[in-house]
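**Q** Structure in structure tokens, see below.
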Amino acid sequence: MNKIVIAIDGYSGCGKSSTAKEVARQLGYIYIDSGAMYRAAALHFLNEGLSLSSTKDVVKGLSTLQITFQTNPSTLRQETYLNGINVEEEIRTMRVSERVSEVASIKEIRQAMVAQQQELGKNKGVVMDGRDIASVVFPDAALKIFMTADVDIRAKRRQVELQQKGQEVDLQEIKENLIARDRKDSSRVESPLLKVTDAIEIDTTSLSFEQQVGKIIAHAQKVIFN
Ligand code: DC
């Protein structure tokens with residue numbers, strides 16, 4: 059069967075990752091969480107105490123940065139590893155969320171992440187979510203989705219997600235972080251978040267998880283069987 063690349067971009071907290079993961083599962087495709095890569099990079103720079111304003115530090119940080127994904131055999135969930143250490147939980151903490159947009163705005167860091175993402179998706183049969191997937195990583199993707207949702211709904215969903223992981227975070231703090239990241243991600247010079255002209259927009263504000271997955275699967279089937 060004709061395998062395609064599905065690029066899913068959109069604002070923070072729209073449910074891109076969970077949706078992309080389920081779309082990949084239903085199609086038997088590989089799922090790649092590009093945001094997890096920027097988060098792991100942010101954690102690395104934080105842990106190493108490296109400055110983002112020093113090119114020397116950025117080069118040093120990149121030379122000691124290795125990001126890999128492994129499937130957890132008991133949960134079958136894909137988890138992120140930083141230099142061989144499982145950081146799946148740590149990269150979702152507010153400490154990392156507060157720094158990640160800054161890290162993702164650095165040209166050299168983006169170049170390294172994009173090269174790895176293109177390599178991971180070169181055989182197609184891949185669903186990748188992020189901010190620049192349709193615009194930079196896979197401009198030839200056969201299906202491009204742009205997800206949006208009301209910011210209050212996004213903050214509430216993110217709070218529930220964090221609560222399920224045992225993290226109690228104030229709703230207003232989450233909302234402010236989402237707004238700040240959207241602003242930084244959309245206004246940065248390097249590969250800003252944007253909706254490409256051939257992307258299909260899906261507003262998930264009043265959609266259930268099953269409905270948003272179903273919409274993307276329907277679009278994918280149209281492209282695959284065309
Ligand atoms: O999808 P996420 O919220 O886990 O992404 C974390 C941050 O990484 C987000 O604030 C923007 C950045 N990012 C990016 O710049 N480009 C991508 N392809 C994916 C994420």
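For the sequence shown, position 100 matches number 158 in the numbering used here, and the numbering has no gaps at all.
From the three backbone atoms N, C-alpha and C, an ideal C-beta is built for every residue, glycine too.
1) Would you kindly report the start and end of the unbroken alpha helix (DSSP H) that includes Leu178?
2) What are the partner residues of Gly188, as DSSP defines its beta bridges?
3) Under the three-state reduction of DSSP, which class applies to Tyr96: helix, strand or coil?
4) State the Cα-Cα distance for the pair Val185 and Ile274, rounded to the nearest angstrom.
5) Is it true that the CB of Thr262 sits closer than 8 Å to the CB of Gly73?
6) Since I believe Val145 is in contact with Leu101 (beta carbons under 8 Å), could you give me their beta-carbon distance rounded to a whole number of angstroms?
7) When you measure from the CB of Tyr96 to every non-hydrogen atom of ligand 1, does any distance come out below 7 Å?
8) Quick check: does the Cβ of Lys118 come within less than 7 Å of any heavy atom belonging to ligand 1?
9) Answer yes or no: the CB of Gln158 versus the heavy atoms of ligand 1, is any distance below 7 Å?
10) Considering only the alpha carbon of each residue, which of Val172, Val194, Asp198 lies closest to Lys182?
11) How is Ile260 classed by DSSP in three states: helix, strand or coil?
**A** Result, derived from the coordinates:
1) 165-178
2) Asp67
3) helix
4) 11 Å
5) Yes, these two residues count as a Cβ contact at 8 Å.
6) 6 Å
7) yes
8) no
9) The sequence given here has Val at residue 158, not Gln. For ligand 1, at least one heavy atom lies less than 7 Å from the Cβ of Val158.
10) Asp198
11) strand
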